[in-house]
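S.K.: Take this structure first; my questions come after.
Shown next, in the form of structure tokens:
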């Protein structure tokens, strides 16, 4: 069963098309840090499309491969670090809360600022987590800083 999941994970990750574009779109208006039902619904949809295959439906991840999103310092801690993971990906051998995870997370910088804010707000308020939301403006600021590097 584990092998089937690993093969499915590899095939799913390899098949993701990076087709979303942000050119020509206006920056969305900032939302309050309180996470609304609309943000949660949109975040859940994005999670299902891009995150679920690796981090699982319950956010538990896959031991030694893909980190859990349940009550970890990466999810509940510094929002800047979390946003940068989505924008830049995460390299292999990453240690999170004392465990090392070997799968590489590709960048998801093809998502819009609002999509990233929504999915991270969803993750930070699902799977037993209870943290503040993330604003599209926060994502936009970090994306701009990353572009200048």
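In our numbering, the protein residues as written are 38 to 186.
Where a beta carbon is used, it is the ideal one built from N, C-alpha and C, also for glycine.
Are residue 80 and residue 155 closer than 8 Å when you measure CB to CB?
M.R.: Against the chain shown, residue 80 aligns to sequence position 43. Against the chain shown, residue 155 aligns to sequence position 118. Taking 8 Å as the Cβ cut-off, residue 80 and residue 155 qualify as a contacting pair.
S.K.: Considering only residues of the same chain and omitting the five flanking positions on each side of residue 41, which have a CB-CB separation below 6 Å?
M.R.: If you number the chain shown from 1, residue 41 lands on position 4. Note that residue 41 scores a pLDDT of 43, beneath 50, so its modelled location is shaky; the value from the coordinates is reported in the next line. Cβ within range, chain order: n/a, list empty.
S.K.: Grouping DSSP H, G and I as helix and E and B as strand, with all else coil, what is residue 103?
M.R.: For the purposes of this step, residue 103 is identified with residue 66 of the chain shown, where counting begins at 1. Strand, per DSSP.
S.K.: Leaving aside the five residues before and after residue 99 along the sequence, list all residues of the same chain whose C-beta is less than 6 Å from its C-beta, in chain order.
M.R.: Against the chain shown, residue 99 aligns to sequence position 62. For residue 99, where only same-chain residues beyond five positions count, there are no Cβ hits under 6 Å.
S.K.: Relative to the alpha-carbon of residue 146, which residue among 102, 116, 120 has its alpha-carbon at the smallest distance?
M.R.: Counting from one through the chain shown, the residue named residue 146 turns up at place 109. Ranking the options by Cα distance to residue 146, first place goes to 120.
S.K.: Skipping 5 residues on each side, what residues in its chain have a beta carbon closer than 6 Å to that of residue 129?
M.R.: Here residue 129 refers to the residue found at position 92 of the chain shown. Within the same chain, residue 129 has close Cβ partners 139, 141.
S.K.: Within 10 angstroms of the Cβ of residue 67, are there 16 or more other Cβ atoms? Answer buried if so, exposed if not.
M.R.: Within the chain shown, numbered from 1, the residue matching residue 67 stands at position 30. Summary for residue 67: the model assigns pLDDT 41, below 50, so the residue's position carries little reliability, and this model does not support an answer.
S.K.: Could you say which of 88, 97, 75, 72 lies nearest to residue 164 if we only look at CA atoms?
M.R.: The count along the chain shown starts at 1 and reaches residue 164 at position 127. Checked all of 88, 97, 75, 72; the closest Cα to residue 164 is 97.
S.K.: Run through the DSSP bridge pairs and tell me what residue 137 is partnered with.
M.R.: Translated into positions along the chain shown, residue 137 becomes position 100. Partner(s): 132.
S.K.: With residue 122 as the anchor, note down where its alpha helix (DSSP H) starts and where it stops.
M.R.: For the purposes of this step, residue 122 is taken as the residue at position 85 of the chain shown. Unbroken alpha helix (DSSP H) run through residue 122: 116 to 125.
S.K.: Does the distance from the CB of residue 166 to the CB of residue 113 come in under 8 Å?
M.R.: Translated into positions along the chain shown, residue 166 becomes position 129. Translated into positions along the chain shown, residue 113 becomes position 76. Contact flag set, yes.
S.K.: To the nearest angstrom, report how far apart residue 72 and residue 103 are at their CA atoms.
M.R.: Along the chain shown, one-based indexing puts residue 72 at 35. Along the chain shown, one-based indexing puts residue 103 at 66. Computed Cα separation, rounded: 26 Å.
S.K.: So, at 6 Å on beta carbons, what are the nonlocal neighbours of residue 106 in its own chain, with the 5 sequence-adjacent residues on each side left out?
M.R.: Counted from its first residue, the chain shown places residue 106 at position 69. Excluding positions up to five away in sequence, the list reads 92, 96, 112, 160, 164.
S.K.: Does the Cβ of residue 110 have 16 or more other Cβ atoms within 10 Å, making it buried, or fewer, making it exposed?
M.R.: Looking up residue 110 in the chain shown gives position 73. Result: exposed.
S.K.: Note the first and the last residue of the continuous alpha helix (DSSP H) segment covering residue 79.
M.R.: Taking the first residue of the chain shown as 1, we reach residue 79 at position 42. Counting along the chain, the alpha helix (DSSP H) containing residue 79 begins and ends at 74 to 87.
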